[in-house]
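Have a look at the structure below, then the notes.
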Amino acid sequence: MPITVLKVRVSDLQPGMFVSSLDRPWLETPYPIQGFHIRSAEDRLELQQFCDWVYVDVIKSKINSISKQILSQNEHINQASDAAQIYELTRRSRIPYKKTASREEEIASAQSHYTEVETTYQTLLHDAEHDRQISLPVLKSAIEPMVESIVRNPDAYIWLTHLKSLDSYSYHHALSCSVWAVAFGRHLGLPVSQLNSLATGCFLFDIGKTKLPRDLLNSTRRLTSDEFDTVKQHVLFGLDLIKQTSGVEKLVLEMVRTHHERHNGSGYPLGLTGNQIPLFGRIAGIVDAYDAITSYRPYCKPIPAYEAIENLYQWRGIDFQTELVEQFIQVVGIYPVGSLVQLSDGTVGVVISQNEHFRLRPQVMILLDGDKQLLDEFYEVDLRAGLEDDHADTLTIARGLPPGAYALDQSLYYF
Numbered sequence: 250m251p252i253t254v255l256k257v258r259v260s261d262l263q264p265g266m267f268v269s270s271l272d273r274p275w276l277e278t279p280y281p282i283q284g285f286h287i288r289s290a291e292d293r294l295e296l297q298q299f300c301d302w303v304y305v306d307v308i309k310s311k312i313n314s315i316s317k318q319i320l321s322q323n324e325h326i327n328q329a330s331d332a333a334q335i336y337e338l339t340r341r342s343r344i345p346y347k348k349t350a351s352r353e354e355e356i357a358s359a360q361s362h363y364t365e366v367e368t369t370y371q372t373l374l375h376d377a378e379h380d381r382q383i384s385l386p387v388l389k390s391a392i393e394p395m396v397e398s399i400v401r402n403p404d405a406y407i408w409l410t411h412l413k414s415l416d417s418y419s420y421h422h423a424l425s426c427s428v429w430a431v432a433f434g435r436h437l438g439l440p441v442s443q444l445n446s447l448a449t450g451c452f453l454f455d456i457g458k459t460k461l462p463r464d465l466l467n468s469t470r471r472l473t474s475d476e477f478d479t480v481k482q483h484v485l486f487g488l489d490l491i492k493q494t495s496g497v498e499k500l501v502l503e504m505v506r507t508h509h510e511r512h513n514g515s516g517y518p519l520g521l522t523g524n525q526i527p528l529f530g531r532i533a534g535i536v537d538a539y540d541a542i543t544s545y546r547p548y549c550k551p552i553p554a555y556e557a558i559e560n561l562y563q564w565r566g567i568d569f570q571t572e573l574v575e576q577f578i579q580v581v582g583i584y585p586v587g588s589l590v591q592l593s594d595g596t597v598g599v600v601i602s603q604n605e606h607f608r609l610r611p612q613v614m615i616l617l618d619g620d621k622q623l624l625d626e627f628y629e630v631d632l633r634a635g636l637e638d639d640h641a642d643t644l645t646i647a648r649g650l651p652p653g654a655y656a657l658d659q660s661l662y663y664f
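Under our numbering, the first residue of the sequence shown is numbered 250, with each subsequent residue one higher.
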């Protein structure tokens with residue numbers, strides 16, 4: 250399979266090359282996490298202050314003859330590079346997905362089958378709790394339209410997942426993890442069949458919790474060591490339930506078995522490390538952790554998305570593979586769809602859509618004016634506006650805000 254990401258010395262970079270990853274976390278540099286083109290020798294000299302090596306995306310690069318020669322010389326270095334392995338693990342060329350529908354169009358479509366997904370999952374939980382066989386075809390028929398929607402435009406379903414209810418964490422966690430996993434797989438260029446497997450695995454990886462005592466799951470206090478050991482059993486309970494279901498794919502079973510394994514071997518139930526954890530298990534672990542810490546749980550309030558991103562960076566190379574964490578951050582952005590932000594002019598809004606190559610400059614719906622008063626009519630701004638005009642006074646995000654900041658009720662702006 251042709252390698253699409255190559256490790257290159259900063260001193261070898263040429264104008265037109267697209268830098269997609271660094272040899273250190275993006276947040277330790279002034280560069281945008283969505284990557285950037287090298288435009289001049291000055292860009293290379295500036296980058297040398299921070300990095301010795303970078304990863305160049307061959308597909309996004311504007312290659313000239315000199316660049317081709319340099320990339321060819323570096324290619325032998327990259328045969329086993331971690332960044333390239335992410336794509337090699339898919340066993341096929343990366344699919345370059347593009348948004349083919351607007352957020353507004355896709356929300357209208359997504360809402361039409363959103364309720365069906367919820368109803369199907371509630372039935373699945375009820376069947377599992379009463380030892381009935383899980384109806385995999387019914388689950389897949391509900392999931393497939395969701396996957397198709399995310400392929401067309403991930404923003405719509407990410408937007409809908411923010412309709413989280415305090416009394417239905419299990420469903421919303423399963424849905425959110427499925428949405429993030431599919432969006433992540435889409436970013437990695439996985440085929441639609443594998444995106445469906447990712448979604449199915451996320452809907453099933455906590456199914457074993459139906460066999461745990463409810464008072465344990467709903468506890469508002471810190472669990473004892475023995476109680477936590479009991480909770481860990483949900484992985485094995487889930488595998489037992491799923492194995493009774495015909496037609497379950499190996500990829501789905503791997504996700505259920507390994508979504509709590511960790512890069513350094515500290516996870517459970519097997520204590521696997523690094524590449525011993527299958528790719529889908531590594532993806533599941535990241536999305537499971539991200540959604541859990543950004544959601545309301547019985548024993549814990551959510552943290553803002555931007556803090557969750559910082560946590561993921563702290564956990565890179567420890568709990569999760571560094572390269573996968575960086576790729577996931579490119580999907581989510583520092584300010585994900587649905588997060589509250591304050592702009593440089595003091596207004597407050599909610600991120601409604603990502604700009605794929607300008608993750609720090611999303612589209613925002615303004616809710617509060619500069620005095621933090623609720624507007625009679627909300628309006629949208631695209632933070633990319635004016636970027637190409639050196640003299641324009643462009644709006645930027647000044648800071649992220651926690652959920653519920655300024656007493657904003659999410660029902661005001663989600664529908």
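All residues carry an ideal CB built from backbone N, CA and C; glycine is no exception.
Exercise for the section: Would you kindly report the start and end of the unbroken alpha helix (DSSP H) that includes ILE491? Expected result: Its alpha helix (DSSP H) spans residues 483 to 492.
Exercise for the section: Give me the Cα-Cα distance between PHE285 and ARG506, rounded to the nearest whole angstrom. Expected result: PHE285 and ARG506: Cα-Cα distance of roughly 37 Å.
Practice task
Mind listing, in chain order, the continuous alpha helix (DSSP H) runs of no fewer than 4 residues lying wholly within the stretch 465 to 548?
Solution key: The DSSP assignment places 474 to 481, 483 to 492, 499 to 507 and 528 to 542 as complete runs of the alpha helix (DSSP H) inside the stretch 465 to 548, in order along the chain (cut-off: 4 residues).
Problem - Closest by C-alpha distance to VAL597, when choosing among GLY520, LEU472, TYR655 and SER269 - result: Nearest option by C-alpha distance: TYR655.
Handout entry: Span of the beta strand (DSSP E), counted from its first residue to its last, around ALA647
Key = First-last of the beta strand (DSSP E) with ALA647: 646 to 650.
Practice task
Over the uninterrupted alpha helix (DSSP H) stretch that includes ARG258, give me the two end residues.
Solution key: Per DSSP, ARG258 belongs to no alpha helix (DSSP H); it is in the beta strand (DSSP E), 254 to 258.
Exercise for the section: Report yes if the C-beta distance between GLY450 and ILE344 is below 8 Å; otherwise report no. Expected result: Taking C-beta atoms as the reference points, GLY450 and ILE344 fail to come closer than 8 Å.
Practice task
Following the continuous alpha helix (DSSP H) through GLY450, name the residue where it begins and the one where it ends.
Solution key: In this chain, the alpha helix (DSSP H) harbouring GLY450 covers 441 to 453.
Problem - Beta-carbon contacts of THR543 that lie in its chain and below 7 Å, excluding the five residues immediately before and after - result: Taken in chain order, the residues that qualify are PRO551, ILE552, ALA554 and ALA557.
Handout entry: Cutoff 6 Å; reference ARG565; Cβ partners in own chain excluding five residues on either side
Key = Take ARG565, set aside five residues on each side of it, and the residues of its chain with a beta-carbon closer than 6 Å to its own are THR571 and VAL574, in chain order.
Handout entry: Residue(s) in a DSSP beta bridge with TRP302
Key = BP columns for TRP302 point to ARG258.
Practice task
For ALA405, I'd like the list of residues in its chain whose CB is within less than 7 Å of its CB, leaving aside the five on either flank, ordered along the chain.
Solution key: Listed in chain order, the non-local C-beta contacts of ALA405 below 7 Å within the same chain comprise ARG352, GLU355, ILE356, ALA359 and SER398, local neighbours out to five positions each way being set aside.
Exercise for the section: Put ARG609 into one of helix, strand or coil per three-state DSSP. Expected result: One point to set straight first is that residue 609 is Leu, not Arg, in the sequence displayed. Look at LEU609 here: in three-state DSSP terms it is coil, with no helix or strand label.
Practice task
Please determine if the stretch 384 to 395 and the stretch 448 to 464 are in contact, where contact requires at least 3 C-beta pairs separated by less than 8 Å.
Solution key: Three or more pairs of CB atoms, one per stretch, sit closer than 8 Å, so the stretch 384 to 395 contacts the stretch 448 to 464.
Exercise for the section: Taking only the alpha-carbon atoms, compute the straight-line gap between ARG258 and PHE299 and give it to the nearest angstrom. Expected result: In this model, ARG258 and PHE299 are separated by some 12 Å (Cα to Cα).
Problem - Member of ARG531, GLN482 and ILE383 whose CA lies at the smallest distance from the CA of CYS426 - result: Check the Cα spacing between CYS426 and each of ARG531, GLN482 and ILE383: the tightest is with ARG531.
Problem - Residue nearest to GLY582 in terms of C-alpha spacing, selected from TYR562, ASP568 and PHE569 - result: Residue TYR562 is the option with its Cα nearest to GLY582.
Problem - Buried or exposed (CB count within 10 angstroms, at least 16 for buried), HIS508 - result: Around the Cβ of HIS508, a 10 Å sphere holds 16 or more other Cβ atoms; the residue is buried.
Practice task
Kindly indicate which residue of ILE567, TYR420, VAL441 and ASN467 has the alpha-carbon position closest to the one of PHE454.
Solution key: Taking only the C-alpha atoms, the option nearest PHE454 is TYR420.
Handout entry: Residues near LEU644 by beta carbon distance below 7 Å, same chain, minus five either side
Key = LEU592, SER593, ASP594, VAL630 and LEU632, listed in sequence order.
Handout entry: DSSP state of GLY653 mapped onto helix, strand, coil
Key = Reduced to three states, the DSSP call for GLY653 is coil.
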